[in-house]
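To keep things clear, I will list the structure first and then write my remarks on it.
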Amino acid sequence: MYLNQEEIEKFEQDGFLVLKDFVSQDACEALSHRATEIVKAFDPAESVSIFTTNKQTRHSDRYFLESGDKIRCFFEEEAFAENGELRQAKSKSINKIGHAMHDLDPVFEQFSRTPELAQISKDIGFKDPRILQSMFIFKQP
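Residue numbers (my numbering): 62 to 202.
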């Protein structure tokens, strides 16, 4: 067991749990660095998909809906000007990367498949935990 009883009860009460210092600074930096590399390699001409939570709509639905087994970048809602050009640098225009990084990218796979994460999943009641989706969400200025 990785979690103590108090942590399990806190999760059951709140639906989430904050584990301070669970992930090392080095691991966080490796994930951030890899996300930056993915964005740099991304060609916006592939597809312009804008992620928005507004009424839970997704522009370019096919690009979004078919991303479950791929690594794809999604733009901020206000990323593009009326003329179709990015308002700012590509690196500042991406909202998130999703959704199969845990399967397709070695850095994210290594992070996602640790024994500690598997044990925590079991500690909070999952009988056969599976990773269905992974995302890296940017907090843009």
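Where is the CB? At the ideal position from N, CA and C, for every residue including glycine.
Membership of residue 95 in the alpha helix (DSSP H) is indicated by the continuous run 86 to 102. If you draw a straight line from the Cα of residue 97 to the Cα of residue 134, it is about 11 Å long.
Remark: C-beta atoms of residue 173 and residue 192 approach each other more closely than 7 Å. Under the three-pair Cβ rule at 8 Å, the region 126 to 143 counts as touching the region 156 to 170. Counted as a single uninterrupted DSSP element, the alpha helix (DSSP H) harbouring residue 71 occupies residues 66 to 75. Listed as beta-bridge partners of residue 196 by DSSP are 159. Beta-bridge analysis with DSSP links residue 133 to 159.
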